[in-house]
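Inspection log for the structure reproduced underneath, given as C-alpha cells.
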Amino acid sequence: MNSLETIPVNAEVATGNVEPLLHEIRHALKRLAEGDEGTTIDLRGLPLAPGEEERIEAALGQGEVLAELHALGPTLVQETSYPGVWLITHRNSDNAVVARMIEVTRMPEILMSQREDILRGINKLESELQE
Amino acid sequence: MRKDQTLGEYLQAQGVSRRGFLKFCSATASLMALPPSAVAQVAEALASARRPSVIWLSFQECTGCTESLTRSHAPTVESLIFNAISLDYHHTLQAAAGYGAEAARKAAMEENAGKYLLVVDGSIPRDHPYFSTIAGISNLDMLTETAANAAAVIAVGTCAAFGGIPHAAPNPTGAVSVSDIIKDKPIIKVSGCPPIPVVITGVLAQYLTFGAIPELDEHGRPAAFFGQNIHDRCYRRPFYERGKFAETFDDEGARKGWCLYKLGCKGPTTYNACATLKWNEGVSFPIQSGHGCIGCSEPDFWDKGGFYNPISAGNWGSREALLGAAAAGAALGIGSAIAARRRQKKAQETTI
Numbered sequence: 558m559n560s561l562e563t564i565p566v567n568a569e570v571a572t573g574n575v576e577p578l579l580h581e582i583r584h585a586l587k588r589l590a591e592g593d594e595g596t597t598i599d600l601r602g603l604p605l606a607p608g609e610e611e612r613i614e615a616a617l618g619q620g621e622v623l624a625e626l627h628a629l630g631p632t633l634v635q636e637t638s639y640p641g642v643w644l645i646t647h648r649n650s651d652n653a654v655v656a657r658m659i660e661v662t663r664m665p666e667i668l669m670s671q672r673e674d675i676l677r678g679i680n681k682l683e684s685e686l687q688e
Numbered sequence: 016m017r018k019d020q021t022l023g024e025y026l027q028a029q030g031v032s033r034r035g036f037l038k039f040c041s042a043t044a045s046l047m048a049l050p051p052s053a054v055a056q057v058a059e060a061l062a063s064a065r066r067p068s069v070i071w072l073s074f075q076e077c078t079g080c081t082e083s084l085t086r087s088h089a090p091t092v093e094s095l096i097f098n099a100i101s102l103d104y105h106h107t108l109q110a111a112a113g114y115g116a117e118a119a120r121k122a123a124m125e126e127n128a129g130k131y132l133l134v135v136d137g138s139i140p141r142d143h144p145y146f147s148t149i150a151g152i153s154n155l156d157m158l159t160e161t162a163a164n165a166a167a168v169i170a171v172g173t174c175a176a177f178g179g180i181p182h183a184a185p186n187p188t189g190a191v192s193v194s195d196i197i198k199d200k201p202i203i204k205v206s207g208c209p210p211i212p213v214v215i216t217g218v219l220a221q222y223l224t225f226g227a228i229p230e231l232d233e234h235g236r237p238a239a240f241f242g243q244n245i246h247d248r249c250y251r252r253p254f255y256e257r258g259k260f261a262e263t264f265d266d267e268g269a270r271k272g273w274c275l276y277k278l279g280c281k282g283p284t285t286y287n288a289c290a291t292l293k294w295n296e297g298v299s300f301p302i303q304s305g306h307g308c309i310g311c312s313e314p315d316f317w318d319k320g321g322f323y324n325p326i327s328a329g330n331w332g333s334r335e336a337l338l339g340a341a342a343a344g345a346a347l348g349i350g351s352a353i354a355a356r357r358r359q360k361k362a363q364e365t366t367i
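Chains as they are written, first to last, in this note's numbering: chain A, 558 to 688; chain B, 16 to 367.
Right under this line is the structure:
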C-alpha cells in the first residue's frame, strides 16, 4: 500500500438519527415562535455515524450571522439558514472540539456581553482614564 | 490554584472572562452528560467550588489509566478540572520521592481528614502482602489506612473496579478490587482498560460541582456514562438489525462498515460511553476503527471466552438474557437518543 487512500474501505453507514433530529429542531422552532421557549441540543449525546454530523450541518446550512469568540480557545457561533437555529462549536486552545450544541433561540447567551465582564470593563476604563 | 481559592476566583485570576467561564461550564455539563439546561446550575456551583484534596494510589496496574488522563493536551477542559483539584499524592506524577512522598500523603490525610477524595487505580493482591508494595507498605495496608478518613473512593480502571487483568485466571496474586476490601465508604467505579479520560474528569467534575456521589448502576458505575450499552449507541447498529455482518476483517462487510458482532464484538454486553464520547478527543472508538469492542469495562472481561468469538459462543451472559437485550434494543433505534435524554433528565433531577 502506498497510501491510506488505497485501502478499500467504503463505509456508507447511517444511524437514521439525522431526520428525527431535524424534526426535533422543527418542533423546537415552533415553541420558540409561539412561546419564546428556547431549546438546546447537545450533539455529543447523540449516536451519530461518521459523516452524519456533517450531514446535519449541510441540512441546516449557513445563515446571516457568523461570529467567532476567543475565550479558552475559539468558539464558532453560526446562525443556520433557519433563523433561530444556531450551531455552536466550542474548541479548546488546541482547536479540538470540546462541545457542540444546536441552540434554538433568538440569541445565544454566549454572544451577549456578561454583567461580570461589563463591570470589569468599567473598572479598567476608569483606571485608564485616571492615569 | 491556591487551596483557599474557589474555582471561579481561580479562573478569574487566570484572566478567564465570564463568557469563557460559561463556555467552560457548557463543556463541563456536556462532560457530565447533564442536559444543556443545567449549565446555569453548573456555573453557580463551580464558581463557588473549593479545591478538594485528592490522594491517588496506584497498585497492581500498568499506568494506562494515568496515561489516559494525562495525555490530553493542556489547556483542555479536562486539564482545567484537573487543575481544580489539589493532587496531593500520585507517585507517578509527583516530584517528591521516598520518605518525602509518603510524608506528603500523611500530611494530606491529616489536614483533610474526612474530606479528601481517594482515587485508586490497580488491583490489590491478597495472597501475599509483599506481592506489591510502595515504600515498603503493602497495597492492602496502604489502601485501608488511606481510605479510613476519605470522604469517598473513586476506583479508576477495571483493575481497581473489578480486579481487571491481574484478577484474570489463574489470578496468581489473589488480586481483588477496591470494593472487595473497603466496605464502609462510598465507592464510584470508573471502569475501562483504560477508562475514557473525559469520564474520569466527568466524575471529578461531578464531585467538584455538586459535592455528591452521582447515580450509580448495579456495578457501582456512574449511570450517566455507563447507563447504556455500546451496542445501543453504536452507529453500526442498523446493520445488526438488518442482519448484515462482517465475517472476516477483510471481507466486503468489513469494507462496508457492517456490524462486527460475528467477529466477537462485545458491544451488546458492554456498558460504557465509547460510542458517543469516543477517544483521542472525539476522533474515533474501536468499532469505528474496524475492531469489535473487547468489553474492557465489564467485570472479568479477560476470562469470557476470547475477544474474537461471538458473544453467543462465549460466557457473556445467558442466551435468554442476550435475546432479551436484543429484543429490547431492537425497539430503540432513534429511541436510544430519547433514552439518553431521559437519562440526562434523571441525572439532573438526582444531582441538582
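All C-beta atoms, glycine included, are put in the ideal place defined by N, C-alpha and C.
| Asked | Found |
| --- | --- |
| Ordered list of alpha helix (DSSP H) runs contained in the stretch 568 to 629 of chain A, each at least 4 residues | 575 to 592, 609 to 617 |
| Contacts that residue 296(B) makes with chain A (C-beta to C-beta distance below 7 Å) | 653 |
| Same chain only: Cβ atoms within 8 Å of residue 190(B), ignoring 5 sequence neighbours per side | 75, 138, 139, 140, 141, 174, 178, 179, 181, 182 |
| Beta-bridge pairing of residue 632(A) - partner residues as DSSP gives them | 626(A), 647(A) |
| Neighbour flag for residue 635(A) against chain B, beta carbons, 9 Å | no |
| Neighbour-count burial assignment, residue 121(B), 16 or more Cβ in a 10 Å radius | exposed |
| Positions along the stretch 30 to 43 of chain B whose CB lies within less than 7 Å of some CB in chain A | 31, 32, 33, 34, 35, 37, 38, 39, 41, 42 |
| Between the CA atoms of residue 70(B) and residue 199(B) - distance to the nearest angstrom | 18 Å |
| Classification of residue 29(B) by the beta-carbon crowding that lies within 10 angstroms, buried from 16 upward | exposed |
| Helix, strand or coil at residue 680(A) according to DSSP, with G and I counted as helix | helix |
| Meets three-Cβ-pair contact criterion under 8 Å: the stretch 579 to 599 of chain A and the stretch 676 to 685 of chain A | no |
| Three CB pairs or more closer than 8 Å across the stretch 266 to 284 of chain B and the stretch 302 to 312 of chain B | yes |
| Short Cβ contact (9 Å threshold) for residue 250(B) with residue 604(A) | yes |
| Members of the stretch 233 to 251 of chain B near chain A, C-beta cut-off 9 Å | 247, 248, 249, 250, 251 |
| Chain C within 9 Å of residue 224(B), Cβ atoms only | Absent from the structure is chain C; the protein chains it does hold are A and B. |
| Through-space distance from residue 327(B) to residue 334(B), alpha-carbon basis | Below a pLDDT of 50, predicted positions are generally treated as unreliable, and residue 334(B), at 48, falls in that range; the measurement from the model is reported next regardless. Straight-line Cα distance between these residues: approximately 7 Å. |
| Inter-residue spacing [alpha-carbon to alpha-carbon] between residue 635(A) and residue 33(B) | 21 Å |
| Three-state class that DSSP yields for residue 136(B) in the structure shown | strand |
| Pick from 220(B), 125(B), 243(B) that is closest to residue 22(B), judged by C-alpha positions | 220(B) |
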